[in-house]
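A short write-up of the structure that comes next.
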Amino acid sequence: MEENEERLTKLFWEIEIKKINESLPKFRKPISLLLNEEDPHYITINNEKISFDKKEIEEFSSFASKDELNSISLPIVIIKEWESKKGVYKILGNELEIKLVNRILERPEDANYIYLPEILELLKKFPSLFVLGYKFSSDHSQGDYN
231 MEENEERLTK
241 LFWEIEIKKI
251 NESLPKFRKP
261 ISLLLNEEDP
271 HYITINNEKI
281 SFDKKEIEEF
291 SSFASKDELN
301 SISLPIVIIK
311 EWESKKGVYK
321 ILGNELEIKL
331 VNRILERPED
341 ANYIYLPEIL
351 ELLKKFPSLF
361 VLGYKFSSDH
371 SQGDYN
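Numbered according to this note's numbering, the sequence shown spans residues 231 to 376.
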């Protein structure tokens, strides 16, 4: 009985988290492409169009070299993993994207975990460029965004 209840609870949370994650991007776009778009945006898993603030993209890109702009895509996805400690999140993305976020926060460039106060700082500076998601246990359906 208890095992059945535990399975149902886990299934419930997996479904709820999947709904929450509908705001995650289907695909991310390189900054170099976004800078040339008249209406820079991305499409969510739920097929909703979300616009970027072009001024934010320009300011964000100033932290990267021109050569890096083809390899850095937006939005930057930050995930709260179910098992992680309170207030600890993970930056999803490639090495350059992680380095860029760390550069902006003035912290070691190889750190891929981020804390809530740092997320709030990023969202204050670049509210349209970051998206938060949740990951339940070993669920890999949200993708790696590398």
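Note that CB positions come from ideal geometry on N, CA and C, so glycine has one too.
Quick caveat: nothing in here was measured; it's all calculated off a predicted structure.
Proximal residues to residue i (C-beta, below 7 Å), its chain only, five neighbours per side dropped
| i | result |
| --- | --- |
| K284 | P270 |
| G363 | N251, L254, V307, I309, Q372 |
| F282 | L264, P270, H271, L304, S358, L359 |
| V361 | S253, L254, P255, P305, V307 |
| S291 | I261, L265, L299 |
| E311 | K320, K365 |
Residue range of the unbroken beta strand (DSSP E) whose run includes residue i
| i | result |
| --- | --- |
| L359 | Unbroken run through L359: none, as it is neither H nor E. |
| K310 | 306-311 |
| I321 | 318-322 |
| I344 | 343-345 |
In DSSP terms, what residue i is bridged to
| i | result |
| --- | --- |
| S281 | H271 |
| K365 | E311 |
| P255 | T274 |
| S303 | P260 |
Boundaries (first-last residue) of the alpha helix (DSSP H) holding residue i
| i | result |
| --- | --- |
| I334 | 325-335 |
| E246 | 232-250 |
| L264 | 261-264 |
Other residues of its chain near residue i: CB distance less than 6 Å, five sequence neighbours each side excluded
| i | result |
| --- | --- |
| P260 | N300, S303 |
| E286 | F356, S358, L359 |
| L238 | none |
| D369 | Because the pLDDT at D369 is just 49, under 50, the model does not fix this residue reliably, and the point stays unresolved. |
| I344 | Y319, I321 |
| L346 | G317 |
Cβ-Cβ separation, residue j to residue i (assumed contact under 8 Å), whole Å
| i | j | result |
| --- | --- | --- |
| F293 | R333 | 5 Å |
| K197 | I275 | Only positions 231 to 376 of the chain appear in the structure, and residue 197 is not among them; the question remains open. |
| L330 | E348 | L330 to E348, Cβ: 14 Å. No contact. |
Beta-carbon proximity list for residue i, same chain, < 8 Å, skipping 5 on both sides
| i | result |
| --- | --- |
| I328 | I321, E339, D340, A341, N342 |
| S262 | L299, N300 |
On the three-pair Cβ rule with 8 Å, is the segment 351-360 touching the segment 315-325? These segments do not touch.
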